[in-house]
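Q:
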Amino acid sequence: MSAVIAIKNLTKRYGDHVALDDLTLDVSAGEVFGFLGHNGAGKTTTLNILTTLLRPTSGSAKVCGHDVVTDGMAARRRLGYVPENVRLYEGLSATANLTYFARLSGVEDPAARIRETLGFLECEALADKRVGAMSKGQRQRIGLAQAMLHRPEVLFLDEPTSGLDPLGIKTLRDLIVRLNKQHGTTIFMNTHLISEVSKTCTSIAVLNQGKLVFHDTLKGVLAKFGDDTALEQLYLSVTPKAEAA
Amino acid sequence: MTSITAPVAPIAPPAPSSNAWLIASAALRVAFRDRTVVWLTAMFLAMVLVSAYLGWSATHTLDGIFQRAVPVLKAMGKIIPANPASEVSPLSALRNMTTYVSLLGALAAIVLGTQLIGADRKSGVFPLIASRPVSRTSYALGKMLALFIAVISLLVFAAVVNALTMVLLPGQTLTFADWRSLTAFYGVSALCLIAFGLIGMYFATVLRSESMALLIPVTIWLMMTFILPQLTSNTNPMNALNPIKATIVPTAGSFFDITSAILGPFSLMDIYRSLSATILGFTPGGHMARSMLSGVTIYVVVILFVALGILRAVRNFDASRSDYND
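Just so you know, the protein sequences line up as chains A and B, in that order.
Every number in the working numbering is 129 more than the matching position in the first sequence, counting from 1.
Every number in the working numbering is 1403 more than the matching position in the second sequence, counting from 1.
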């Protein structure tokens, strides 16, 4: 399968601090990719670079063949992004927010597309609700809707289940899997929850202090190590700074 | 459950100009949900109505006294003088507007300019916008367009109210030159408000603290309204507040000649009041009014300079750290 995300020698420095250290990584089309690591490992920095929000210090990254620095506009047309804490205009309804983002993305019939997307996410009832009055789980769904409106080929999710209750986590997890299976959307998901990875991802990579320390398919990992518990052992063994983090 | 279509070839993003319109309309919608913006705008509009009433009332009273005096003077066999209400330029009834524009109007423009970008940073929505196929230039132009639309709308309302007042003024007939002057006055007022709105927008973009983003442009406005006029022409701060300030000839002297030459171009409020006094016809004899061309040129240069600063700041903006930190 061709790589829809191609990262080569990517480095990001903030002064003397190296947030991302010479990262090289490919993610194939149709994968649900789990990017694991402790807090501060460099996952969000990677995602910010891939979504064109941040410029790397050196190296390159391509999304759907488009360089995120030199061809950022084309890359943005093909990606969707859901931040860890979905922040929208609190005073506006879900529909008003989504209409704005649909138009920014060039969607021709925003009303129809919003109906269709909210239907897929099973949250039509939120259409007229003010975002400021929504729960975290509801915001996450509207955030996901915002990222899906223009039918992106790649969806970037930053800690999508962070702060959600167990039901919210399950609902969102099911949506991610359904989106990937039914429509072939490639999912790039930052997380530090191993349980999420084993239930949703098809391949995983582990980042530790800005460096890639592990990358394999989930099938390969389970074949080598057996079950979820072994996955946890694997994670802890490749991230020796776990307790310090 | 509704079915959803599979990912398709990327949709062509709208043209940059339509993006700017889209961003402008959304920005105005969000900004006018901010209570401070709404209150300041409402106060400015209320002051426009007050100014119109005061202008009409003063002229009406003067005309009323004259009309009552005419039969008395006739009975006494005295010469009837010209109606004093028609002796002065009808536009001078608008002198209060100069103060309202430079005080409330400029403050409202600063708060609005700050909010237009600040609302995106405060709500944390900027990273989502930056992840859409929208150029930073379109984003900045959209925000500036929103400011222009808001300022022009406010001033059109004020102009219509003032024009109606002029038409209703007793004993006054507006000539073509008067209408032209009225248009010129609102043109200069627009330049003034846009300049201060852009200054607010610039600081909302470059600073990481929301309170400082509002405090610094307000401080600049205070300096330009009260301190610079004092340094350049010894204008008492109270006179700077007074619409009849232009009737007081500033102190002459070599010190003020020098400070006026150096700081004068930065004294935006003094320039605005001087231009307004000239246009509305209440510049006193002996007062060296600034030429229209030089005053307008200074404003245009300031607006272009600040607008370029905003474009540059938005282009270099780190979208991953866009939230205010207070």
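A virtual CB, placed ideally from N, CA and C, is assigned to each residue, including glycine.
All values reported here derive from a predicted model rather than from experimental measurement.
Decide if the segment 1568–1586 of chain B is in contact with the segment 1516–1534 of chain B; the criterion is three or more beta carbon pairs, one per stretch, under 8 Å apart.
A: Verdict: no, contact absent.
Q: Kindly indicate the opening and closing residues of the alpha helix (DSSP H) around Thr1622(B).
A: Element bounds for Thr1622(B): 1613–1625.
Q: Hey, out of Val1564(B), Val1705(B), Phe1658(B), whose CA is closest to Ala1449(B)'s CA?
A: The shortest C-alpha separation from Ala1449(B) is found at Val1564(B).
Q: Quick check: is the beta carbon of Thr375(A) nearer than 8 Å to any beta carbon in chain B?
A: Nothing can be reported for residue 375(A): it is not among the residues displayed for chain A, which extend from 130 to 374.
Q: For Phe1669(B), I'd like the list of residues in its chain whose CB is within less than 8 Å of its CB, leaving aside the five on either flank, ordered along the chain.
A: Correct list, in chain order: Met1627, Leu1631.
Q: When you compare the CB of Leu1550(B) with every CB in chain A, is at least one pair closer than 8 Å?
A: Leu1550(B) does not count as touching chain A.
Q: Are Leu149(A) and Thr175(A) close, meaning C-beta to C-beta below 8 Å?
A: Yes; because the gap between Cβ atoms is below 8 Å, this pair is in contact.
Q: For the beta strand (DSSP E) containing Val335(A), name the first residue and the last one.
A: Looking at the DSSP string, the run of the beta strand (DSSP E) that includes Val335(A) is 332–337.
Q: Looking only at its own chain, which residues have a Cβ that is under 6 Å from the Cβ of Gly292(A), when we skip the five neighbours before and after it?
A: Correct list, in chain order: Lys265.
Q: Which residue comes first and which comes last in the beta strand (DSSP E) that contains Leu286(A)?
A: Per DSSP, Leu286(A) belongs to the beta strand (DSSP E) from 283–287.
Q: Taking Cβ positions only, does Leu1714(B) come closer than 8 Å to chain A?
A: No, its Cβ sits nowhere closer than 8 Å to a Cβ of chain A.
Q: Whose C-beta lies closer than 7 Å to the C-beta of Lys1525(B) among residues of the same chain, with five residues either side of it excluded?
A: Excluding residues within five positions, the ones whose Cβ falls inside 7 Å are Glu1613, Tyr1727.
Q: When you compare the CB positions of Leu1601(B) and Leu1519(B), do they come within less than 8 Å of one another, or not?
A: In this structure, Leu1519(B) does not lie closer than 8 Å to Leu1601(B) by Cβ.
Q: Starting from His279(A), follow its DSSP beta bridges and name the residues at the other end.
A: Answer is none; His279(A) lacks a bridge partner.
Q: Is Arg1715(B) helix, strand or coil when you go by DSSP?
A: It is helical.
Q: Using a Cβ-Cβ cut-off of less than 9 Å, give me the residues of the segment 1701–1729 of chain B that come near chain A, in sequence order.
A: Residues passing the 9 Å Cβ filter: Asp1721, Ala1722, Ser1723, Arg1724, Ser1725, Asp1726.
Q: When you compare each of Phe1469(B), Met1500(B), Leu1497(B), Ile1482(B) to Ala1488(B) by their alpha carbons, which one comes out closest?
A: The shortest C-alpha separation from Ala1488(B) is found at Phe1469(B).
Q: Please name the residue in Val1528(B), Tyr1589(B), Asp1729(B) whose C-alpha comes closest to that of Ala1722(B).
A: It is Val1528(B).
Q: Within the 8 Å Cβ cut-off, does Gly1688(B) reach chain A?
A: Confidence in Gly1688(B) is poor, its pLDDT being 48 and thus under 50, which makes the residue's placement too unreliable to answer from.
Q: Arg1471(B): buried (16+ other C-beta within 10 angstroms of its C-beta) or exposed?
A: So Arg1471(B) ends up on the exposed side.
Q: Please name the residue, chosen from Leu227(A), Leu336(A), Arg184(A), that lies closest to Tyr364(A) on a Cα-to-Cα basis.
A: If we check each option's Cα against that of Tyr364(A), Leu336(A) comes out closest.
Q: Starting from the beta carbon of Leu183(A), find every residue of chain B whose beta carbon is closer than 9 Å, and list them in chain order.
A: Residues of chain B passing the Cβ test: Asp1721, Ala1722, Ser1723, Arg1724.
Q: Work out the CA separation of Glu213(A) and Ala240(A) for me, nearest whole Å.
A: The straight-line gap from Cα to Cα measures roughly 26 Å.
Q: State yes or no: is the beta carbon of Phe317(A) nearer than 8 Å to at least one beta carbon in chain B?
A: Phe317(A) does not count as touching chain B.
Q: Am I right that Ser189(A) and Asp196(A) are in contact with their C-beta atoms under 8 Å? What's the rounded C-beta distance?
A: The Cβ separation is near 6 Å, so the contact holds.
Q: Quick one: does Pro239(A) have its CB under 8 Å from some CB of chain B?
A: Closer than 8 Å: no.
Q: Can you grab the Cα-Cα spacing for the pair Phe1720(B) / Thr173(A), in whole Å?
A: Taking the straight line from one Cα to the other gives about 18 Å.
Q: What first and last residue would you give for the beta strand (DSSP E) that runs through Ser189(A)?
A: From DSSP, the beta strand (DSSP E) with Ser189(A) extends over 187–192.
Q: Hey, does Pro212(A) have any beta-carbon neighbour from chain B nearer than 8 Å?
A: By this cut-off, Pro212(A) is an interface position.
Q: Do Ser1592(B) and Val1504(B) have their C-beta atoms within less than 8 Å of each other?
A: Cβ distance < 8 Å, so Ser1592(B) and Val1504(B) count as in contact.
Q: Name, in chain order, the residues that DSSP records as bridge partners for Val1704(B).
A: According to DSSP, which records beta bridges pairwise, Val1704(B) is partnered with nothing at all.
Q: Keeping to the same chain, check which residues put their C-beta closer than 7 Å to that of Leu1452(B); ignore five residues upstream and five downstream.
A: Closer than 7 Å at Cβ, skipping near neighbours: Val1564.
Q: Looking at chain B, which residues of the segment 278–292 of chain A have a Cβ within less than 7 Å of any of its Cβ atoms?
A: Against chain B - using a Cβ distance shorter than 7 Å - the residues of the segment 278–292 of chain A are His279, Arg280, Pro281, Glu282.
Q: Which residues of the segment 227–259 of chain A have a Cβ closer than 7 Å to any Cβ of chain B? Give them in chain order.
A: Correct list: Tyr229, Phe230, Arg232, Leu233, Ser234, Gly235, Val236, Glu245, Thr246, Gly248, Phe249, Glu251.
Q: Report buried or exposed for Arg1583(B), applying the criterion of at least 16 other Cβ atoms within 10 angstroms of its Cβ.
A: The residue in question, Arg1583(B), is exposed, as its Cβ has fewer than 16 Cβ neighbours within 10 Å.
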